[in-house]
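Notes to accompany the following structure.
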Amino acid sequence: MSERGDSERVAATLRFNILGPLEAWSGTTRLRLGGAIQERVLTTLLLEPGRVVPVARLVQAAWDDDPPATAPHQIRKAVADLRRRVPQGGRVIVTDGPGYRAVVADGELDLSEFAGHLRDAGRAVFEGSPREAVEALSRALVLWRGPVMADTGSALIQAAGTTLDERRLAAAEQLFELRLGLGEAAGLIGDLRDLIAQKPLRETLRGHLMLALYRTGRQAEALEEYRKVRELLLEELGIDPGPRLAELHAAILRESPELAAPGPPLQPPTASAAPAPGRAEPPCSLPYDLSDFTGRKQELEALVDCIRGGGGPARRTSRIVAIDGMGGSGKTTLAVRAAHQVAADFPDGQLHLDLRGFTPGESPLPPATALDALLRAVGTPGDRIPDDLQGRTALWRSTLAQRQLLLLVDNALDVGQVLPLLPASHGCLVLVTSRARLVDLDGAEWFSIGPMSHEDSMLLIEEVLGSGRVTAEPEATAELVRLCGSLPLALRIVAARLRNRPRWTVEYLVDRLRDETRRLEELSAGERSVAASLRLSYQIMDEEHRVAFRILGLRPGGDIDVYAAAALLGTDRRVAELVLERLLDVHLLQQPAIGLYRFHDLVHNFAQSQCGPDSAQDDVEAVRRLLDYYLTTTETACELLFSGRRRRSTGIPAYRGDQPLFRDAADAADWFDREHANLVAAISLAHRRGLDRHTVCLTRNIVFRLNARGQFKEFRDVGRIAVEAARRLGDVALLGVSLSNLGVACWKLGHFDEGLAVATEARDVAVRLRDRHTEAHGESTIGLLLTVLGRHPEALVHLERAITLERELDIPRAEAETLTNLSTLYAQWGKCEEAAAAARQALELHRGFDYRDNHVMALTDLAFAHIGLGQYDDAHQRLEQARALCDSSSPPGDVALALALSAWVAECMGRPAPAAGFARRALELARVSGSPTRQAKVENLIGEFCRRRSEHDKALSLHTHAHELATAIGYRAEQARALNGMADAAEALGDTALALEHRAAARELFDAMGCPVPLVDDRLSA
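Now the structure itself:
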């Protein structure tokens, strides 16, 4: 018993003061805390009493952005040292999950006392007791001894100190306002001048001083204060005083009676003089309605309509209406606006109560305390209020019986805070706001709000900043909205920063926000901070969900499904779904579709900021699991989509966790398309993390799909990343594969020189390693590139070598591809019989496996050969077969080529109606194909089609553009073909000189390539 009493006595003597230079006391003895690191660690913990501060944040607090390699270890040593120096240090600083938590009792921390006094003041104001509020505010302000840590802390501590100082100034402003309201004036002037000397730009303080001077008969001095602050604002910020100060100045000039000091306070009424029940003025404590409230028109109308039931109080549909949304989404602002609009429907009063569920440095308001404040607000004497929660709840409900009262319950943490506050009367309305959807709040109508629309966001910026600056920089303003994620809190912060910095352009702030590592730091102004708002939602969760939130933030790309989440978290998909749904409930995730989840951009930035040295190893393992999942799943998808594709060993163990089940190739294609952005981003993530084997192997799988979808720029970009990773890895075999794939991308994009170089290197690497599969692929790609360069004899050697290897290796899929390349070569060379034979061999191979895209190209190549041989019916049949195989997932450039040739054949066969449709669709697809090689060839074909229809102007335009494309990439065959078409079109239009010039240039190119005028042109003259 005595030991426990001694322990409690010692604990009670502890005292920590952070509102000024850091002090720690044990009784009357000041404690020595050690060096600067210990002081910064302790201050950071005490700034957030009761909340877990991760080690990574303590590292930042101790060393800013330049910590030593041993920083986490030094933090632990500093904590251990503090525990030794502080009596009962193990009780004061406790280890909790990824960090530490300060546990302080009542009276042990000045910051907690400061917050408590501010709460008392707020309650007193709420209850109409200004003198009690003055006393509470005075007690709060006397605790301050100077800036937090005397401005010697790190940037993180100074930022927190700035926020606290803003609360101090706000409290001082409220204190002066209350004292002025109580009739004081002369005694305030000296204190106001002292504070204004420290904060000369605070317009509220200046207004209080002007009013105090005026009320003491010093009108001239009051006007002089306005002149001084106006000049200062113009000089420092380039702006005029705000409207409130300007209105006060105008009122002083006209000696408005409204500025007179209030009369002496009324004596308390006697019992006999008490007003009859029900005649007292109904209470109203709603916050003021923002004058610049902007946007949310649909949400506001729906909210008011829900409250009124579309026709006033008699048709009210719900007595509980709840608004949920992420921090900073404007829930309170929307609720206050709606409350003011319907206030007249509740003649017995409109009350507002902040439950402090997510308030920095504050504990959530207990229901019993909340009920005490509410009962007093409706006139219940304090001595009639029961001590227990059950009694207060019963009294509250009986008091409101038969009344029509609106209660705005703001910032609720959970349903336990709200249920005791619900009135029983159906004439009352309870509006609830919370960051979490309170699913146990039965009977509530729910409104979930997210970011604002782009249009509303632009209007909000314009309302705060002014139309002139928005009109001057519309594109920069739109980008500003995008970088803020259309989050109202972020938008108001950036608008306020720009308004207070008139020399800043919008583009300048946009540039600052583009740095993702500093974006959240930029989104802070005074007490308002996006990071601080998000941190409250984060800290309220248990440790398991905080860790999950951080790990999910590692994901690349956009949406995430339960399988990818399970891989990151190292769980099965059912557990992952529970975690995702919990984060969705507290609006740290969004849900764009069933089964898919998404971070708001700023929330994602915050999640990434939670990663640090302490979590580095866990983060790497989570990324590995995700990449293993993607690699294994793409392998499965590729086997279904690309029949006959050779499976290569990756050297990476297969992922054993939950994976989606693909019933057929369509399922696999849908998954690939849905995960497209994530897969491409995963390659970059693997590369940044130095996971080179994952980078190369995942790229190999993904480029198959990128090639099939016609996304050649992404194909090239990830191909280059894979080559770099393979070189860094030192795996020559993987280098050969990566180089060979990159060569294909370069061909599609018309980067022939780069393609030839990498394909040749790939072939040479394969020869050294005796990797005949990669050697065959390299030879085929070299042959294809030489074909488009018009080097036909050289191309033939490489293509024949590739076919020989593919037959020896028995890889019919690859052989069919090379045979279609060979058919293209022969057709371009004017050897139509050989072109037809190669295409027929490819089609024969396609009987044994399903490879739709190459099957389409083999049919199209055979149609080209038939046309060269004058076999139009056969060409028509082959093209019908090709079109039947195509759908929306086919490469657009390949479909465009088949349609362009179909248009030409249909026109030749006297079928103009379908021919025009084929031509129009071919051009549309060619322009979105992403392949200049395909576009040049299609535009030349449709140009020839137009010449046959005597549309010579259109033909000349198409051939001219095709010539520009082909010249830019060095595609000599289509360059020559375009010149020949331009010559025919110019001749038909009567420009003989230009026709001769183009024809001579075309002939020169054809002669250099050793081939005749294109086959289709020969048929045109037939």
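This note's numbering puts the sequence shown at residues 70 to 1091. Note that beta-carbon positions come from the ideal geometry of N, C-alpha and C, so glycine has one too.
Notebook entry, point to check: Which first and last residues belong to the beta strand (DSSP E) in which Ala391 is found?
Noted result: Position 322 of the sequence shown, counting from 1, holds the residue named residue 391. Unbroken beta strand (DSSP E) run through Ala391: 389 to 393.
Margin query: Quick check on Lys297: buried or exposed, where buried means 16 or more other Cβ atoms within 10 Å of its Cβ?
Written below: Working through the sequence shown from its first residue, we reach residue 297 at position 228. That one is exposed.
Check: Looking at the unbroken beta strand (DSSP E) that takes in Ser517, where does it start and where does it end?
Finding: Looking up residue 517 in the sequence shown gives position 448. Taken as a continuous stretch (DSSP letters only), the beta strand (DSSP E) holding Ser517 covers 514 to 517.
Checklist line | Buried/exposed call for Leu1065, threshold 16 Cβ in 10 Å | finding: Counting from one through the sequence shown, the residue named residue 1065 turns up at place 996. Looking at its Cβ environment, which holds fewer than 16 other Cβ atoms inside 10 Å, Leu1065 is exposed.
Next item on the list: Use the C-beta contact count for Asp683: other C-beta atoms within 10 angstroms, 16 or more gives buried, fewer gives exposed.
Entry: In the sequence shown, counting from the first residue as 1, residue 683 sits at position 614. When all chains shown are included, Asp683 counts as buried.
Margin query: Could you pull the DSSP bridge partners for Arg667 from this structure?
Written below: Stepping through the sequence shown from its first residue, residue 667 is reached at position 598. Gln659.
Item checked: Bounding residues of the alpha helix (DSSP H) (the contiguous stretch that carries Tyr895) -> To locate residue 895, count along the sequence shown from 1; it is residue 826. Start and end: 881 to 898.
Next item on the list: Please report how far the alpha carbon of Leu225 lies from the alpha carbon of Phe675, in whole angstroms.
Entry: Residue mapping note: residue 225 aligns to position 156 of the sequence shown, counting from 1. Residue mapping note: residue 675 aligns to position 606 of the sequence shown, counting from 1. Leu225 and Phe675: Cα-Cα distance of roughly 15 Å.
Next item on the list: Along the beta strand (DSSP E) that carries Asp800, what are the first and last residues, could you check?
Entry: Here residue 800 refers to the residue found at position 731 when the sequence shown is read from its first residue. Element bounds for Asp800: n/a, residue is neither H nor E.
Checklist line | Exposure label - Lys366; buried when at least 16 CB within 10 Å | finding: In the sequence shown, residue 366 corresponds to position 297, counting from 1. Classification for Lys366: exposed.
Margin query: Just to confirm my understanding: we take Val124, look at its own chain, exclude 5 residues before and 5 after, and list those with CB closer than 6 Å. What are they?
Written below: Position 55 of the sequence shown, counted from the start, is the residue given in the question as residue 124. Only Pro141, Ile144, Gly168, Asp683 meet the Cβ criterion.
Check: Do you know how far the Cα of Ala975 is from the Cα of Thr768?
Finding: Numbered from its first residue, the sequence shown carries residue 768 at position 699. Numbered from its first residue, the sequence shown carries residue 975 at position 906. Approximately 41 Å, taken between the alpha carbons.
Check: For Glu168, which residues does DSSP report across the bridge?
Finding: For the purposes of this step, residue 168 is taken as the residue at position 99 of the sequence shown. The sequence shown places Gly at residue 168, rather than the Glu named in the question. Answer by DSSP bridge pairing, in chain order: Pro123, Asp165.
Margin query: Rounding to the nearest angstrom, what Cα-Cα distance links Met1078 and Asn1009 in this structure?
Written below: The residue you call residue 1078 lines up with position 1009 of the sequence shown. The residue you call residue 1009 lines up with position 940 of the sequence shown. Distance between the alpha carbons of Met1078 and Asn1009: 18 Å.
Margin query: If you reduce the DSSP assignment to three classes, tell me which class His1028 lands in.
Written below: One-based indexing of the sequence shown puts residue 1028 at position 959. The answer is helix: DSSP assigns His1028 an H, G or I state.
Margin query: Checking 8 Å against the spacing of the C-beta atoms, do Arg120 and Arg170 come in under that value?
Written below: Taking the sequence shown and counting its residues from 1, the one referred to as residue 120 is at position 51. Taking the sequence shown and counting its residues from 1, the one referred to as residue 170 is at position 101. Yes; because the gap between Cβ atoms is below 8 Å, this pair is in contact.
Note to self: If distances are taken between C-alpha atoms only, which option among Asp479, Asn86, Leu151, Ala105 comes closest to Ser181?
What the structure shows: Here residue 181 refers to the residue found at position 112 of the sequence shown. Of the listed residues, the one whose Cα sits closest to Ser181 is Asn86.
Check: Between the Cα of Leu865 and the Cα atoms of Arg587, Trp898, Ala885, which residue gives the shortest distance?
Finding: Position 796 of the sequence shown, counted from the first residue, corresponds to residue 865. Per the Cα distances, Trp898.
Notebook entry, point to check: Three-state secondary structure (DSSP) at Asp919?
Noted result: Position 850 of the sequence shown, counting from 1, holds the residue named residue 919. Three-state DSSP puts Asp919 in coil, outside helix and strand.
Item checked: Segments of 4+ residues assigned as alpha helix (DSSP H) that fall wholly inside the region 603 to 640 -> 612 to 621, 631 to 638
Note to self: With DSSP as the reference, identify every bridge partner of Thr502, one or two as the case may be.
What the structure shows: As a position in the sequence shown, residue 502 is number 433, starting the count at 1. Partner(s): Ile392.
Notebook entry, point to check: Per the contact definition of three or more C-beta pairs closer than 8 Å, is the region 768 to 788 in contact with the region 971 to 985?
Noted result: no
Next item on the list: Check whether the Cβ atoms of Leu264 and Ala241 lie closer than 8 Å to each other.
Entry: If you number the sequence shown from 1, residue 264 lands on position 195. If you number the sequence shown from 1, residue 241 lands on position 172. Yes; because the gap between Cβ atoms is below 8 Å, this pair is in contact.
Next item on the list: Give a yes or no on whether 8 Å exceeds the smallest Cβ distance from Val765 to chain B.
Entry: Chain labels in this structure do not include chain B; a single protein chain is all it has.
Next item on the list: State the Cα-Cα distance for the pair Ala953 and Ala932, rounded to the nearest angstrom.
Entry: Stepping through the sequence shown from its first residue, residue 953 is reached at position 884. Stepping through the sequence shown from its first residue, residue 932 is reached at position 863. Taking the straight line joining both Cα atoms gives about 15 Å.
Note to self: List, from N- to C-terminal side, the alpha helix (DSSP H) runs of 4 residues or more that fit wholly inside the region 464 to 511.
What the structure shows: 484 to 487
Next item on the list: Would you mind working out which of Cys497, Glu514, Gly554 sits nearest Met521, comparing C-alpha positions?
Entry: Reading the sequence shown from its first residue, position 452 is the one you call residue 521. Closest by alpha carbon: Gly554.
Note to self: Buried or exposed, going by whether 16 or more other CB atoms sit within 10 Å of the CB of Thr843?
What the structure shows: Walking along the sequence shown from the start, residue 843 turns up at place 774. Result: buried.
Check: Between the region 659 to 679 and the region 724 to 737, do at least 3 Cβ pairs fall closer than 8 Å?
Finding: no
Notebook entry, point to check: Is Cys901 near Leu948, with beta carbons less than 8 Å apart?
Noted result: If you number the sequence shown from 1, residue 901 lands on position 832. If you number the sequence shown from 1, residue 948 lands on position 879. No, these two residues do not count as a Cβ contact at 8 Å.
Notebook entry, point to check: Would you call Pro881 buried or exposed, if buried means 16 or more other Cβ atoms sit within 10 Å of its Cβ?
Noted result: Reading the sequence shown from its first residue, position 812 is the one you call residue 881. Per the 10 Å Cβ criterion, buried.
Margin query: I'd like to know if the region 998 to 1008 and the region 804 to 821 are in contact, where contact means that at least 3 CB-CB pairs between them fall below 8 Å.
Written below: yes
Checklist line | 8 Å Cβ cutoff met for Ala828 and Ala885 | finding: For this step, residue 828 is matched to residue 759 along the sequence shown. For this step, residue 885 is matched to residue 816 along the sequence shown. Contact flag unset, no.
Next item on the list: Tell me, please, whether the region 1008 to 1022 touches the region 1044 to 1060 by the rule of three or more beta-carbon pairs shorter than 8 Å.
Entry: yes
Notebook entry, point to check: Starting from Trp94 and walking both ways along the beta strand (DSSP E), at which residues does that stretch end?
Noted result: What you label residue 94 is simply residue 25 of the sequence shown in a count that begins at 1. 92 to 95 is the span of the beta strand (DSSP E), which, as asked, contains Trp94.
Check: Since Val373 and Gln410 are thought to touch, with beta carbons under 8 Å apart, how far apart are those beta carbons, to the nearest angstrom?
Finding: On the sequence shown, residue 373 is found 304 positions in, with the first residue counted as 1. On the sequence shown, residue 410 is found 341 positions in, with the first residue counted as 1. The pair is a contact, with the Cβ atoms about 6 Å apart (cut-off 8 Å).
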